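Report on the following structure.
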C-alpha cells in the first residue's frame, strides 16, 4: 500500500513540475525573444547601462528556456535521464548558471535605478556603458564559475552515480563523498549569489520608494507604479529563487538533499515569465516594439478580414485620433499594458532622473 502511495505521489509531482515547465516555456520564450530583439536594437543604436543590464538578463533567461525542453524530457521519464550522457552536465551547467546570473542582474538593475533616483545629476555625468559591460562580465563569471565547479566536482569525483546505462538520474543522487563537497558549495551559493543580491535589491528599492515619497511633486499614480514595480521585483526573488536556495541551507544542516528540492527547482523557471512583466514593460524600448507588432498584426488582419470588422478596419491614424479624444483604441493597448506611455515608472522626475533614454 505504501509503495503504491509513493508511486502515486511521484506521478503527481511529475505532473505539477511538468506543467510549470511548459507554462514557463510557452510564455517566457516569445516574451524574452521579443525583449532580446528590442534591447539588442536599442543597445546598437544608443547603449545605456540599464539597457545593457536588461539585455544580459534577457540572454540569461533565454539560456534557461533553450535548455528547458531537456528538463521536460527528464521529468516526463520520471526523473531519469533519457538523453545522451554528455548533455547531462551541459544542460545542468546552463540551467543552474542562469538562475544565479538572473539574480545578479536583478541586483544590478536595482542598483542602477537607485543611483538614477538618488544621484540624478552626478550619475548622469559619470554614467558610462563600459561600466555596465564590466559589471555584466563579472556577473557572468561569478555565476558560471561557481556552478561550473559544482558540475565538474560531481562529474569527476569517485563514486559518481552517473553512468551510461538506462534509467539513471542526472544530478539527483549523490554519494557521501560527493555530498561532502557539494553541500558546502551550495551553502556558498546561497549566501554569495542569492542572499547578498536579495538584500542589496531590498535596500535599493526601499531607498527608491523613500526618495519618491519625499517628493511632493510626484503624482500618486506614478509613485504607486514605482512601488508596485519594486514589490514585483522582490516577489521574483521570494517566489522563484528563495524556495530553491533554502534547500541549500536545509541540505547543509541535514547532510542530505531535501526530498522537496525538485519541486522548488522547477519554480526557478518562473523567473523567465516574471522578468518580462517586471522590467520589460517598464521600458520604452519594449513598449515601442509591442506597439509596432500590434499595428503590424492589425494591418495583416485588416487585409484578411471583412472591412466591417471593428477590430481591424481602423488605421493607426484612426487610433491616434481616438487616443486624442480620450477613447480606448486597439493601438493603445500595449501602452496601457505597459503601465503608461512614459519611458519609466519614474518619468515624473526630471529628464536626468529617468531610466530610459
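Residue numbers (the numbering used here): -10 to 346.
By construction, the Cβ of each residue, glycine as well, lies at the ideal position given by its N, Cα and C atoms.
Just so it is clear, the structure is predicted and the values come from calculations on it, not from any experiment.
Compare the C-alpha of residue i against each of the options and name the closest.
i           : options            : result
residue 6   : 92, 144, 73, 63    : 63
residue 117 : 36, 157, 185, 79   : 36
residue 102 : 171, 192, 160, 184 : 192
residue 158 : 169, 124, 73       : 73
residue 93  : 285, 179, 110, 169 : 179
residue 255 : 20, 15, 57         : 57
residue 119 : 38, 24, 249        : 38
residue 98  : 110, 134, 218, 20  : 218
residue 2   : 240, 290, 81, 249  : 249
residue 50  : 278, 282, 291, 265 : 265
residue 80  : 121, 133, 110, 105 : 133
residue 126 : 48, 144, 223, 190  : 48
residue 194 : 177, 182, 216, 176 : 216
Helix, strand or coil, according to DSSP, for residue i in the structure here?
i           : result
residue 158 : coil
residue 36  : coil
residue 61  : helix
residue 78  : helix
residue 8   : helix
residue 203 : coil
residue 56  : helix
residue 232 : helix
residue 3   : helix
residue 69  : coil
residue 26  : helix
Rounded to a whole number of angstroms, what is the C-alpha to C-alpha distance between residue i and residue j?
i           : j           : result
residue 70  : residue 139 : 19 Å
residue 314 : residue 203 : Model confidence at residue 314 stands at a pLDDT of 45, short of 50, so the residue's coordinates are unreliable and nothing is read from them.
residue 4   : residue 67  : 10 Å
residue 107 : residue 221 : 21 Å
residue 226 : residue 257 : 9 Å
residue 187 : residue 96  : 7 Å
residue 115 : residue 196 : 21 Å
residue 374 : residue 24  : The question about residue 374 has no answer, for the chain in this structure spans -10 to 346.
residue 9   : residue 251 : 12 Å
residue 78  : residue 170 : 17 Å
residue 16  : residue 262 : 6 Å
residue 131 : residue 61  : 27 Å
residue 167 : residue 142 : 8 Å
residue 292 : residue 52  : 37 Å
residue 282 : residue 21  : 15 Å
residue 286 : residue 277 : 14 Å
residue 100 : residue 84  : 25 Å
residue 18  : residue 284 : 21 Å
residue 355 : residue 14  : In the structure displayed, the chain extends from -10 to 346; residue 355 sits before or after that span and is not available.
residue 239 : residue 135 : 19 Å
>> Check whether the segment 84 to 92 and the segment 224 to 235 touch, using three or more Cβ-Cβ pairs below 8 Å as the test.
In response: yes
>> Check whether the segment 18 to 28 and the segment 40 to 49 touch, using three or more Cβ-Cβ pairs below 8 Å as the test.
In response: yes
> Counting pairs of Cβ atoms below 8 Å between the segment 158 to 171 and the segment 235 to 255, do you hit three or more?
Replying inline: Yes: at least three Cβ pairs fall under 8 Å.
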